[in-house]
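As structure tokens, the structure follows; a few thoughts come after it.
4 protein chains.
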Amino acid sequence: MDAEATAGDDRQESVRRFKRDLIRDAAKRVFSEKGIAGASVREIAKAAGYTTGAIYTYFATKEELYAAVLRDSLAALHAEVTTASPDGAVPGGRAEAALRALWTFYDTRRSDFELGFYLYGGARPVGLTRDLDRELNAALDAVMDHIGAGLVADGLASPEEAHHLAVTSATWVFGLLLMTKTGRLRSLHEDAEALLTTYLATLNPTMTRKDRP
Amino acid sequence: MDAEATAGDDRQESVRRFKRDLIRDAAKRVFSEKGIAGASVREIAKAAGYTTGAIYTYFATKEELYAAVLRDSLAALHAEVTTASPDGAVPGGRAEAALRALWTFYDTRRSDFELGFYLYGGARPVGLTRDLDRELNAALDAVMDHIGAGLVADGLASPEEAHHLAVTSATWVFGLLLMTKTGRLRSLHEDAEALLTTYLATLNPTMTRKDRP
Amino acid sequence: MDAEATAGDDRQESVRRFKRDLIRDAAKRVFSEKGIAGASVREIAKAAGYTTGAIYTYFATKEELYAAVLRDSLAALHAEVTTASPDGAVPGGRAEAALRALWTFYDTRRSDFELGFYLYGGARPVGLTRDLDRELNAALDAVMDHIGAGLVADGLASPEEAHHLAVTSATWVFGLLLMTKTGRLRSLHEDAEALLTTYLATLNPTMTRKDRP
Amino acid sequence: MDAEATAGDDRQESVRRFKRDLIRDAAKRVFSEKGIAGASVREIAKAAGYTTGAIYTYFATKEELYAAVLRDSLAALHAEVTTASPDGAVPGGRAEAALRALWTFYDTRRSDFELGFYLYGGARPVGLTRDLDRELNAALDAVMDHIGAGLVADGLASPEEAHHLAVTSATWVFGLLLMTKTGRLRSLHEDAEALLTTYLATLNPTMTRKDRP
DNA sequence: CATGAATGAGCATTCATTCAT
DNA sequence: CATGAATGAATGCTCATTCAT
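Protein chains in written order, with the numbering used here: chain V, 1 to 213; chain L, 1001 to 1213; chain R, 2001 to 2213; chain B, 3001 to 3213.
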């Protein structure tokens, strides 16, 4: 009896999780199309095949929905970066691979970058935000550690410098994303790929010397 | 008589300009406190000591208000960057001075960075926007040219590379600003000043070689 | 089970229709009291016992509300005219009956006339308007056809002349309504009923000759 | 001295009247372009070459401005109708000429008809309205008398019937104007001129018999 | 006489959230 | 669990009118 109930609970629980994810993904789609500020709960509900009120069964607040989307995005980012530059890979391009993965991840996804950086930029009401902020930081830190490990493996940094240099280089990638997403790069007639190559070259002085004798 | 009338017109005109600036500055204050998206015309009016309708005597549209604030910000940015790194200065640190000025300008002003970069982030309706976008681009371009000239003067870039390298380095500064403004830097336990120093060092291979023999 | 659900849907649907009609009727009342231009959504909502926002659950736009009221009015007009002068009636007074019904309908309803004729008077923005305009035209045409059929049945017009004469006579009735509703008739010390009788007499030359030997 | 002052007062008075008329005419122009409801005091002022506040030196209220425009329109109407069908003219077409003049006057002027009939149709706030209403009525009455005189002169009515028949026929013309101005005539595929001819024929049984033997 | 800044009430519409069913 | 009606506050903007200058 107890086991059955538990099994039933589990099934119910997993169904609930499934539906929650459905709504979360719908939200993400709407964010991409209308921008984060332009997405209303009504529209997200419609995109998910639900009515407005049903959303609140799964997310107490619009901000919780934001959080779920962001969490999902961060998990995907981590997966992508570690896949692109696995821990066991041979040295020589691990840092570059990680940084390129970081760039590609946000470049190809319409709303993820905005979600991660814009949403918590302003002086917005707090709430669940505190926890979410911690998660965002943890995810970011993990990515930094991965880049740092790559830099060490590639012989571009000592273990002590690793984190500092990882943040330095990731910062540049975020800057490039900002310039691209806001259309400034286009107006400056510069190409993201070319800039990326230039920047990565400065990371590795050996390559730099070879390229410019 | 004629002169008197003209003088009167001038006085009136300058009073108008003064009040317009008052409202613009109030808007800027509200932008800083509530974020740009969260600032309503009502609140701006209240902050300026006016009723809502009065704002429309000076700005036909909320977007025109945005424009005025942004324009003011861009003019100040340009002034600050060129002052910090004058055209006639002796080589040796002109690029660094310009980049540091870029950093300091946005670091010390609460809403200017958001204003310049996020206004065009979403899928917003257009309008006067087109013109404003052009202005923003022109201002940004002028800053890039200035940094580029510094790089050439400092012997860090050939004239052909100047623009490309200027954008590359400014991109990094913008990335740093983004990390700082969103609180990511703090959570990563990194210091903006230290990162800035690290980055500027990589710009100058001579220094780099000295630092890392 | 299925049947129950359907029944539930039906009940809900009919409740919705009922409430929609309630709002529509409240709108009509407000139109009557304040004039169509003077009626605000706020006031209509209050008259219907709702908050402002609730109106938008039933009508996406103020113009849709207009449309619903006008549609209702046109349906009632058509019903009244065809009832007053049924297709199968014996000749001799069918046209007169139809024209009198047209008169009575608009005479006794405060805002219907204004609704039908003034909504498109100004240089208003379009929208759903196009469709609504078509409906109005179709309804008017149907009434004209009915009057025309009466004229033919009564021997007052050949089938070719029917439409032309129907419009001619309906035009007069609309003129009378305009004079009445704007209070001009009263100030000219004329009586609508007497004028109507006079006009109807000119429609039928036989009667005219009898009256004036 | 006294005489001089009076002369001065007169000149001032006539200048004032002149400027008043300027504003009135500007208002009329704006009414024609934007519709009466769509005309704001600001826009009228601009069209007259004044600033907003200046209008209130000449007209205490927007409604007084309406009144002035309407008064002017009524005077013009009276002039046009009496010119088209002078008192001394030979009988035979005087009534028709007057009715045609009535039609042409309102047909060719965009806003006059709306002004005369719409403005005072609704349940609007009163005020100066009472007096204006009387003027409108007097003007209308004069036109009716003129049409009536024509009917008598043309042998279409006895002096006792004159007013009654004048109102009857003018009512039809107003109906035609309403149908035309609101676009209903076009949608019914009827032509104003043809309808007018048809109606005028029914006015004169003699002509009718000749035309349709 | 003329200006134009300022008021204050008003407008249609949107939206996150709640809750009876 | 899901619905969708309802709330209430907010938003950008317009407008007739007033009044100090």
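Glycine included, each C-beta is placed from N, C-alpha and C at the ideal position.
Proximity test, Cβ basis, 8 Å: Tyr2106 (chain R) and chain B: no
Legend entry - Cβ pair count under 8 Å reaching 3, the segment 1083–1097 of chain L against the segment 1147–1161 of chain L: yes
Item to complete: Report yes or no: is there a C-beta of chain V within less than 8 Å of the C-beta of Gly1175 (chain L)?
Response: yes
Below-8 Å beta-carbon distance, Ser2250 (chain R) vs any chain B residue
There is no way to answer for residue 2250 (chain R), as the model of chain R reaches only from 2001 to 2213.
Within 10 Å of its beta-carbon, does Arg3017 (chain B) have 16 or more other beta-carbons around it, so buried, or fewer, so exposed?
exposed
(request) Can you give me the start and stop residues for the alpha helix (DSSP H) that Ile2147 (chain R) sits inside? (result) Thr2129 to Ala2153
Under 8 Å, do Ala2027 (chain R) and Ala2039 (chain R) count as touching if we go by C-beta distance? yes
Check your understanding: Around the Cβ of Asp1107 (chain L), are there at least 16 other Cβ atoms within 10 angstroms (buried) or fewer (exposed)?
Key -> buried
Quiz item: Beta-carbon of Ser1187 (chain L) versus every beta-carbon of chain V: anything under 8 Å?
Solution: yes
Margin query: Measuring only the C-alpha atoms, how far is Asp112 (chain V) from Lys62 (chain V)?
Written below: 17 Å
### Query
Would a check of beta-carbon distances place Ala2123 (chain R) closer than 8 Å to chain B?
Low per-residue confidence applies at Ala2123 (chain R): pLDDT is 44, beneath 50, and the placement is therefore not dependable enough to give any value.
What would DSSP say about Leu1156 (chain L), mapped onto helix, strand or coil?
coil
Notebook entry, point to check: Is Val1126 (chain L) helix, strand or coil when you go by DSSP?
Noted result: A caution first: Val1126 (chain L) carries a pLDDT of 46, below 50, which makes its placement in the model unreliable, though a value can still be read off. Three-state result, Val1126 (chain L): coil.
- Query: When the cut-off is 8 Å and only beta carbons count, does Asn137 (chain V) lie next to chain L?
  - Reply: yes
query: In terms of alpha-carbon separation, which member of R:Gly2088, R:Gly2049 and R:Ala2084 lies closest to Thr2104 (chain R)?
result: R:Ala2084
### Message
If we define contact as Cβ-Cβ less than 8 Å, is Ala2037 (chain R) a contact residue for chain B?
### Response
yes
Exercise. Could you check where the alpha helix (DSSP H) with Val214 (chain V) kicks off and where it finishes?
Worked result: This structure cannot speak to residue 214 (chain V), because chain V is shown only from 1 to 213.
task: Name, please, each residue of chain V whose Cβ falls closer than 8 Å to the Cβ of Val1069 (chain L).
output: Chain V residues near Val1069 (chain L): none, gap ~16 Å exceeds 8 Å.
What first and last residue would you give for the alpha helix (DSSP H) that runs through Thr1083 (chain L)? Lys1062 to Ala1084
- Cα-Cα separation, Arg3024 (chain B) to Val41 (chain V): 52 Å
* Helix, strand or coil: how does DSSP classify Arg2109 (chain R) here? -> coil
What is the rounded straight-line gap between the Cα of Leu1102 (chain L) and the Cα of Asp191 (chain V)? 22 Å
Problem set entry | Simplified DSSP state of Asp2211 (chain R), which is helix, strand or coil | Low confidence applies to Asp2211 (chain R): its pLDDT is 39, below 50, so where it sits in the model is not reliable, and the reading given next is rough at best. Looking at Asp2211 (chain R) - three-state DSSP - the assignment turns out to be helix.
Requested in this report: Give the straight-line distance between the Cα atoms of Val2069 (chain R) and Arg29 (chain V), rounded to the nearest whole angstrom.
Outcome: 38 Å
Review point. What is the residue span of the alpha helix (DSSP H) that Leu3188 (chain B) lies within?
Key: That residue, Leu3188 (chain B), is in no alpha helix (DSSP H); it is neither H nor E in DSSP.
Using a C-beta to C-beta distance shorter than 8 Å, which residues of chain L count as neighbours of Asp21 (chain V)?
Residues of chain L passing the Cβ test: none, with the nearest at roughly 25 Å.
Quick check: the Cα distance between Ser1158 (chain L) and Ala1047 (chain L), rounded to an integer number of angstroms?
50 Å
So, using beta-carbon positions, are Thr198 (chain V) and Thr1168 (chain L) closer together than 8 Å?
-> yes
Among the residues of its own chain, which have a CB less than 7 Å from the CB of Ser1073 (chain L), if the five just before and after it don't count? Asp1112, Leu1115 and Gly1116
* Asked: Of all Cβ atoms in chain R, is any one closer than 8 Å to the Cβ of Phe3117 (chain B)?
  -> yes
Please state the DSSP three-state secondary structure of Thr1182 (chain L). coil
* Going along chain R in order, which residues have a C-beta closer than 8 Å to the C-beta of Val3152 (chain B)? -> In chain order: nothing, as chain R lies at least about 15 Å away.
Next on the checklist: Whole angstroms are fine: how far does the CA of Thr1057 (chain L) sit from the CA of Glu3013 (chain B)?
Outcome noted: 34 Å
Exposure of Gly3175 (chain B), with buried meaning 16 or more beta-carbon neighbours within 10 Å
buried
Compare the C-beta of Tyr1050 (chain L) with all C-beta atoms of chain V and state if any pair is closer than 8 Å.
no
Q: Specify, as a first and last residue, the run of the alpha helix (DSSP H) that Thr1057 (chain L) falls within.
A: Thr1052 to Tyr1058
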